[in-house]
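In order, the protein sequences belong to chains A and B. Each number in my numbering corresponds to the 1-based position in the first sequence with 3 added. Just so we're aligned: -6 in my numbering is position 5 of the second sequence, and the numbers increase by one with no gaps anywhere. Taking it in order: structure first as structure tokens, then the write-up.
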Amino acid sequence: MTAPPEAGLDETIHAPHRLRICAFLAATDEAEFSALRDLLGVSDSVTSKHLKVLEQAGYAKVSKPTGRGRVKTWVSLTPAGRTAFAAHVDALRRITGA
Amino acid sequence: MMESHSARDALDLVADARAAAADRLVTPWWYHPALGLLGAQLIFGYAVGGTAVKLACLAVYLLGIAALVRAYRSLTGMWISGLRPGRARRSAIAIGVLFAVCMIAAIVAADVADHWWPAAALAAVALGGTIVLGRRFDDVLRAELRAGR
Chain A
4 MTAPPEAGLD
14 ETIHAPHRLR
24 ICAFLAATDE
34 AEFSALRDLL
44 GVSDSVTSKH
54 LKVLEQAGYA
64 KVSKPTGRGR
74 VKTWVSLTPA
84 GRTAFAAHVD
94 ALRRITGA
Chain B
-10 MMESHSARDA
0 LDLVADARAA
10 AADRLVTPWW
20 YHPALGLLGA
30 QLIFGYAVGG
40 TAVKLACLAV
50 YLLGIAALVR
60 AYRSLTGMWI
70 SGLRPGRARR
80 SAIAIGVLFA
90 VCMIAAIVAA
100 DVADHWWPAA
110 ALAAVALGGT
120 IVLGRRFDDV
130 LRAELRAGR
């Protein structure tokens, strides 16, 4: 028996900004906050808001290394986030028949 | 139920984000030569140097790699492991194998021939190979990101 086309769709990921964040992070091991903000073309606060949602869902890990100089925030997908994103993209492909 | 066209729009967003990652993957021109030089000095130092030289070369190598990684992350705003699954991994592994082969051959050559020049030649091979394979790694990785793999 095959899975229904929409099995694996994830509402947390599907919002356009979060979908783009997840796609970018899935392509990398880690990305800096400003790279994600530039990708979305929105403000710091909007980017933070979407990262918070992904973090609360257990899909993203946000880290601020301590040390000298300017502190940069780095973001990565958790294993659960990678699995959920892959399932979401698979579901989208099934729906489009791709 | 999600419409097919909105699913297609979502997949387009995914493809655009991956292309944006590929576009950011612009390695500075000096990155691979610097990486190759770090490996080359380690090969040469280990093959012909005494204990103090070996330790100094190892320290330069480790500190240099750490500085390169930090500079790369700072300039590109991202990090992609060379060992993630995909075709690009072959180039990363090839750099490691080339380095190991040149290192072993340089140590053996210096021991047997008792000359410094075979080690220097093998260090130069490692330097050139790192530049060629490193640039190939970047090209393949960019293509993989754009292709969605």
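Think of the CB as a built atom: it goes at the ideal place given N, C-alpha and C, for glycine as much as any other residue.
Quick one: what's got a C-beta closer than 8 Å to D46/A's C-beta in the same chain, skipping five residues either side?
If you number the first sequence from 1, residue 46/A lands on position 43. Before going further, note that residue 46/A is Ser rather than Asp in the sequence given. The residues are R40.
Which residues in chain B have a C-beta closer than 8 Å to the C-beta of E35/A? List them in chain order.
Locating residue 35/A in the first sequence gives position 32, where the first residue counts as 1. The answer, in chain order, is R62, G66 and M67.
Going by DSSP in three states, V45/A sits in which element: helix, strand or coil?
What you label residue 45/A is simply residue 42 of the first sequence in a count that begins at 1. Note: V45/A maps to coil in three-state DSSP.
Quick check on DSSP: helix, strand or coil for L80/A?
For the purposes of this step, residue 80/A is taken as residue 77 along the first sequence, with counting starting at 1. Note: L80/A maps to strand in three-state DSSP.
Contacts around Q30/B, its chain only, beta-carbon distance under 8 Å, and the 5 residues preceding and following it disregarded:
Locating residue 30/B in the second sequence gives position 41, where the first residue counts as 1. Here the set comprises C46, V49, Y50 and A112.
I need the DSSP call for W106/B, collapsed to helix, strand or coil.
Your numbering for residue 106/B matches position 117 in the second sequence. If DSSP states are grouped into helix, strand and coil, W106/B belongs with the helices.
What are the boundary residues of the alpha helix (DSSP H) that includes E14/A?
For the purposes of this step, residue 14/A is taken as residue 11 along the first sequence, with counting starting at 1. E14/A -> alpha helix (DSSP H) spans E14 to H17.
In terms of residues, what are the limits of the beta strand (DSSP E) holding A63/A?
Sequence index remark: in the first sequence, residue 63/A carries index 60 (1-based). Run containing A63/A: A63 to S66, per the beta strand (DSSP E) assignment.
Rounded C-alpha distance that separates G18/B from L57/A:
Taking the second sequence and counting its residues from 1, the one referred to as residue 18/B is at position 29. Taking the first sequence and counting its residues from 1, the one referred to as residue 57/A is at position 54. Note that residue 18/B is Trp in the sequence shown here, rather than Gly. If you take the alpha carbons of W18/B and L57/A, they lie about 35 Å apart.
Tell me, please, which residues DSSP counts as bridged to M67/B.
Here residue 67/B refers to the residue found at position 78 of the second sequence. Its beta-bridge partners are A34/A.
A83/B and L122/B: beta carbons closer than 7 Å?
Sequence index remark: in the second sequence, residue 83/B carries index 94 (1-based). Sequence index remark: in the second sequence, residue 122/B carries index 133 (1-based). A contact, by the Cβ cut-off of 7 Å.
H17/A versus R124/B: straight-line alpha-carbon distance, rounded
For this step, residue 17/A is matched to residue 14 along the first sequence. For this step, residue 124/B is matched to residue 135 along the second sequence. Each residue's alpha carbon lies about 35 Å from the other.
Quick check on the DSSP output: what are the complete beta strand (DSSP E) runs of length 3 or more inside the region -10 to 15 of chain B, in order along the chain?
none
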